[in-house]
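Numbering of the sequence shown is given in this note's numbering, commencing with residue 24 and proceeding in unit increments.
Glycine included, every Cβ here is placed at the ideal spot set by N, Cα and C.
First up is the structure itself, then whatever we jot down about it.
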Amino acid sequence: MNTISRHFTGRRRTDVKLPPGQHLERGFPVLQTGATPKVRTETWTFTITTEIGERHRWDWDQFMALPAEEITADIHCVTSWSKLGTSWRGVSLDVLLDGVTTEAAYVMAKSSDGYTTNLPLADLRDGQAWVAFEYDGRPLRTQHGGPARLLVPHLYFWKSAKWVIGLDLMRTDSRGFWEKLGYHDYGDPWREQRYQGD
Ligand SMILES: Nc1nc2c(c(=O)[nH]1)N[C@H]1C(S)=C(S)[C@@H](COP(=O)(O)O)O[C@H]1N2
Ligand SMILES: [Mo]
Numbered sequence: 024m025n026t027i028s029r030h031f032t033g034r035r036r037t038d039v040k041l042p043p044g045q046h047l048e049r050g051f052p053v054l055q056t057g058a059t060p061k062v063r064t065e066t067w068t069f070t071i072t073t074e075i076g077e078r079h080r081w082d083w084d085q086f087m088a089l090p091a092e093e094i095t096a097d098i099h100c101v102t103s104w105s106k107l108g109t110s111w112r113g114v115s116l117d118v119l120l121d122g123v124t125t126e127a128a129y130v131m132a133k134s135s136d137g138y139t140t141n142l143p144l145a146d147l148r149d150g151q152a153w154v155a156f157e158y159d160g161r162p163l164r165t166q167h168g169g170p171a172r173l174l175v176p177h178l179y180f181w182k183s184a185k186w187v188i189g190l191d192l193m194r195t196d197s198r199g200f201w202e203k204l205g206y207h208d209y210g211d212p213w214r215e216q217r218y219q220g221d
């Protein structure tokens with residue numbers, strides 16, 4: 024019976040599994056703390072700075088020459104919307120971190136609007152995170168972080184820094200914009216880690 028009704032409607036509404044406290048969103052809301060910055064690819068750079076100050080930097084052309092991949096992922100915003108099966112194109116952090124020698128355990132992601140967010144470095148490795156520059160087959164729109172944003176879909180979406188311009192590698196954890204205001208340092212949606220102490 025289940026199978027029949029599922030095929031009949033062509034949807035999987037009832038067997039979709041969402042993290043606790045989340046609801047399905049079909050649009051793509053824009054959430055940010057300030058105005059949308061203007062970021063030009065002509066002047067854009069992405070910089071990984073290690074804990075001893077070594078810099079690895081790519082300009083847009085160098086970044087576009089890196090191997091990119093298609094990503095399909097569910098995203099979960101802490102304000103309770105989730106969007107399933109979103110499609111992106113981006114460069115894996117595995118590619119960007121290849122050749123970066125570090126003993127750091129944490130990362131501060133930095134954006135051109137001054138936004139910051141902290142994550143464990145391990146969560147950016149092994150096919151878990153990308154610098155994404157396309158959404159749904161088109162250049163990533165400015166309001167969603169274009170020309171390029173961090174995409175870390177297994178954590179709440181505030182960790183996916185829009186207009187990302189770099190990562191600072193850190194030996195010890197330090198709090199980013201929302202984390203200083205009480206949001207969780209890790210932010211696992213499946214464990215509902217919305218606020219410090221969750
Ligand atoms: N640079 C920057 N990145 C950001 C934010 C921001 O204010 N500035 N907001 C975060 C939050 S709280 C969310 S939920 C997502 C929203 O991404 P969207 O606007 O593409 O839906 O971006 C995250 N990345
Ligand atoms: Mo958010």
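Per-residue burial, residue i [other beta carbons within 10 Å of its own, 16 or more giving buried]
{"i": "residue 140", "result": "buried"}
{"i": "residue 46", "result": "exposed"}
{"i": "residue 40", "result": "exposed"}
{"i": "residue 172", "result": "buried"}
Within 8 angstroms, strictly: CB atoms of residue i and residue j
{"i": "residue 96", "j": "residue 42", "result": "no"}
{"i": "residue 153", "j": "residue 199", "result": "no"}
{"i": "residue 189", "j": "residue 133", "result": "yes"}
{"i": "residue 181", "j": "residue 209", "result": "no"}
{"i": "residue 111", "j": "residue 174", "result": "yes"}
{"i": "residue 166", "j": "residue 62", "result": "no"}
{"i": "residue 125", "j": "residue 74", "result": "yes"}
Backbone secondary structure at residue i - three-state DSSP
{"i": "residue 143", "result": "strand"}
{"i": "residue 161", "result": "strand"}
{"i": "residue 106", "result": "strand"}
{"i": "residue 46", "result": "strand"}
{"i": "residue 167", "result": "helix"}
Paired residues, beta bridge with residue i - DSSP
{"i": "residue 113", "result": "92, 155"}
{"i": "residue 86", "result": "Paired residue(s): none; residue 86 is not in a bridge."}
{"i": "residue 80", "result": "70"}
{"i": "residue 172", "result": "155"}
{"i": "residue 191", "result": "72, 131"}
Nearest-angstrom beta carbon gap, residue j and residue i [assumed within contact, 8 angstroms]
{"i": "residue 71", "j": "residue 119", "result": "6 angstroms"}
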